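Asker: Dumping the structure here so I can ask a few things about it.
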Amino acid sequence: MADKALMKGNEAIAEAAIMAGCRFYFGYPITPQTEIAAYMAKRMPKIGGTFLQAESEVAAINMVYGVASTGMRVMTSSSSPGISLKAEGLSYLAGADLPSLVVNVQRGGPGLGGIQPSQSDYFQATRGGGHGDYHMIVLAPASVQEMADMTVKGFDLADKYRMTAMVLADGTMGQMMEPVSLDIKPSDPIEKPWAVTGTQKARKHNIINSLSLVPEELEQLNIARYERYKLIEENEVMYEEYMMDDAEYCIVAFGIAARVSKNAIVEARKQGIKVGLIRPITLWPFPKKPLLAAADKVKAFMSVELSMGQLIEDVQIATQFKKPVHLCNRVGGMIVTPEQVLAKIKEISENGGAK
Amino acid sequence: MSTTQILIAGFGGQGILFSGKFLAYKGLMEDKNVSWLPSYGPEMRGGTASCSVIISDSPVGSPIVSTPDVLVAMNLPSLDKYEDAVVPGGTIFVESSLIERKVKRTDVNVVYIPATKLASENKIDTLANMIMTGKLLETLGMYTDEGVRAALGKVVSAKRADMLEVNVGALELGKNY
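Protein sequence lines, in the order shown, are assigned to chains S and E.
One rule links them: number in the working numbering = place in the first sequence (from 1) + 28.
One rule links them: number in the working numbering = place in the second sequence (from 1) + 29.
Pasting the structure below:
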């Protein structure tokens, strides 16, 4: 472990992006993710990359659109209110089938909200964020190492499927330091014959556009996009199972909420309660299959989340309402404690899982 | 398998985050699992700053220290806020030149160190935090000369290499107090 360095989650994202071949960063500062921009401002000029502090979040996401059109790896990052500002651009990126990486280090909302950690942008992220029928691939790291790894993965998936990948973190993940190993080799570049790179008078013009005024054609574009989404749902789901082998109760949580839940699970097991965890790493595509399989084995589920009950809806859908799904949450920048999760586990197990 | 949950709290500017980072690096270099989580936000400007450090033989679950084994209180608001959260049998390190009152709990170990006064007397005014940290390491049986030097090498910037020996001096001052 001695070859590892301590890094903040935000810094790990920035360095991993550079190692993954990203040379363009556009952003606008906002707590608790500003270290990403600060790191990029320092590093990008030294390696021939571009760091640009845009005049607004809206400008930054449209700069991302521009660079993505040329086929180069590009990213932006922000926190909750800033992501709302980028929502129009996210929809345009989807409409133009452009790959990009967007990081959201969430804080409490709605509105300008607070600056403390939250997971209340779950719906926004997993349902696309902007208008129209589309998805983003949503990756939810639960450690500083995963902040780096999911950044690299996000770039790869974005290129592979020509869409936006979002790293959905929160204030604790961004601000905390943990040992991280950045042994990252950039993956082989994917051919991008659609990119706007100059025709050299040797081919027809490529056109990047999200406007399509013929309904028959626009319908087909949507259908084709959802065919790709189906492939992603089949092939790209990531999740972690923790102490699920003999579990009678299953916690579902991601990011910081999953970390807190693990503490509670260890404690609950000492007290004889068989509880485990399924931690979605991809929030979209959502790990529906393992959850449905667990529904045949456990007595009840519990969604542990930093929102008023967003993740819980996907758990209910995935498990087809076969078993009760309980909610354990804090919001507004407050974080669930292991004690709170443990108390809820005990309460549920005393009732045999019933709601 | 042991896990030590440390909470360091005081005013912004007292080097709370730095001493936390030093402790985390020391754990890392001894092949422990570690995490470091700062408070961030408006309370850093003039109010209470704090930092959670976990050093463990097993993977760290939650990085948030809500029930510390070890509390380092660098000012009165921090002692007031966190005294009751310390686990029974835990240890509280009190900066006794800034905090006049005694710890009320009777089920914890308490160590009083007038670190700011000691720092001032030894002309290392900015290093009260490291005096506290030296005493902490000594009390918990974690002080080794090579260990602290190796960790300091990671947190003291190369441009300020002269500060390394000064920090060692502060740690030793705390250790021997």
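Positions of the beta carbon are idealized from the N, C-alpha and C atoms, including for glycine.
Just so it is clear, the structure is predicted and the values come from calculations on it, not from any experiment.
Which of helix, strand or coil does DSSP assign to residue 184/S?
Answerer: Looking at residue 184/S - three-state DSSP - the assignment turns out to be helix.
Asker: Please confirm if residue 310/S has its CB atom under 8 Å from at least one CB of chain E.
Answerer: No, no contact with chain E.
Asker: Any contact between the segment 92-108 of chain E and the segment 36-43 of chain E? By contact I mean 3 or more CB pairs, one from each, below 8 Å.
Answerer: As far as the Cβ criterion goes, the segment 92-108 of chain E touches the segment 36-43 of chain E, which means the pair count is three or higher.
Asker: Would you decide whether residue 231/S is buried or exposed? Buried here means 16 or more other CB atoms lie within 10 Å of its CB.
Answerer: Label assigned to residue 231/S: exposed.
Asker: Within the 8 Å Cβ cut-off, does residue 63/E reach chain S?
Answerer: Closer than 8 Å: yes.
Asker: Closer than 7 Å by C-beta to residue 88/E: which residues in its own chain qualify, once you throw out the five before and the five after it? Chain order, please.
Answerer: Once the five neighbours on either side are set aside, the close Cβ partners of residue 88/E are 62.
Asker: Find out if the Cβ-Cβ distance for the pair residue 200/E, residue 177/E is shorter than 8 Å.
Answerer: Yes, these two residues count as a Cβ contact at 8 Å.
Asker: I'd like the list of long-range same chain contacts for residue 192/S, defined as Cβ closer than 8 Å, with 5 residues on each side in sequence excluded.
Answerer: Taken in chain order, the residues that qualify are 118, 121, 122, 126, 127, 128, 129, 130, 164, 165 and 186.
Asker: Are the C-beta of residue 98/S and some C-beta of chain E separated by less than 8 Å?
Answerer: No, residue 98/S does not count as interfacial toward chain E.
Asker: With DSSP as the reference, please indicate the residues paired to residue 154/S in a beta bridge.
Answerer: According to DSSP, which records beta bridges pairwise, residue 154/S is partnered with nothing at all.
Asker: Any beta-carbon of chain E closer than 8 Å to the one on residue 378/S?
Answerer: Output row for residue 378/S: interface = no.
Asker: Using CA coordinates, which residue listed in 164/E, 170/E and 169/E is at the minimum distance from residue 197/E?
Answerer: Of the listed residues, the one whose Cα sits closest to residue 197/E is 164/E.
Asker: Is the CB of residue 200/S under 8 Å away from at least one CB in chain E?
Answerer: Chain E contact via Cβ: present.
Asker: For a contact meaning CB atoms closer than 8 Å, what does residue 64/S contact in chain E?
Answerer: Going along chain E, no residue has its Cβ under 8 Å from residue 64/S, so there is no contact; the nearest lies around 14 Å.
Asker: Cutting at 8 Å between CB atoms, please list the residues of its own chain near residue 43/S, excluding the five before and the five after it.
Answerer: Contacts found: 35, 67, 71, 176 and 210.
Asker: Looking at chain S, which residues of the segment 66-95 of chain E have a Cβ within less than 7 Å of any of its Cβ atoms?
Answerer: Taking 7 Å as the Cβ-Cβ cut-off against chain S, the residues of the segment 66-95 of chain E that qualify are 66, 67, 69, 70, 90, 91, 92, 93 and 95.
Asker: Please go through the segment 78-160 of chain E and give each complete beta strand (DSSP E) segment of 3 or more residues, from N-terminal end onward.
Answerer: Those beta strand (DSSP E) runs which fall completely within the segment 78-160 of chain E and span 3+ residues are 99-102, 120-124 and 138-142.
Asker: When the cut-off is 8 Å and only beta carbons count, does residue 29/S lie next to chain E?
Answerer: In this prediction, residue 29/S scores a pLDDT of 39, lower than 50, which makes its location untrustworthy; no coordinate-derived value is stated.
Asker: Report all residues from its chain with a CB closer than 7 Å to the CB of residue 158/S; omit the five preceding and five following residues, and keep chain order.
Answerer: Result list for residue 158/S: 115, 116, 118 and 119, in chain order.
Asker: Starting from the N-terminal side, write out each stretch of the beta strand (DSSP E) that is 3 residues or longer and does not extend beyond the segment 57-97 of chain S.
Answerer: Entirely contained in the segment 57-97 of chain S, the beta strand (DSSP E) runs reaching 3 residues are, in chain order, 78-81.
Asker: What three-state label does DSSP hand residue 178/E in the structure shown?
Answerer: In this structure, residue 178/E counts as helix in the three-state DSSP scheme.
Asker: Are the C-beta of residue 53/E and some C-beta of chain S separated by less than 8 Å?
Answerer: Cβ-Cβ to chain S under 8 Å: yes for residue 53/E.
Asker: Just checking: is the beta-carbon of residue 57/E within a distance shorter than 8 Å of some beta-carbon in chain S?
Answerer: With 8 Å as the cut-off, residue 57/E counts as an interface residue toward chain S.
Asker: At a cut of 8 Å, does the segment 312-320 of chain S reach the segment 335-349 of chain S through at least three beta carbon pairs?
Answerer: As far as the Cβ criterion goes, the segment 312-320 of chain S touches the segment 335-349 of chain S, which means the pair count is three or higher.
Asker: Figure out for me which residue from 198/S, 264/S and 302/S has the closest Cα to the Cα of residue 407/S.
Answerer: Residue 407/S lies beyond the range of chain S shown here (29 to 383); nothing can be said about it.
Asker: Counting only Cβ pairs nearer than 8 Å, list the residues of chain E close to residue 268/S.
Answerer: Those do not exist, as residue 268/S stays about 12 Å from chain E at its closest Cβ, beyond 8 Å.
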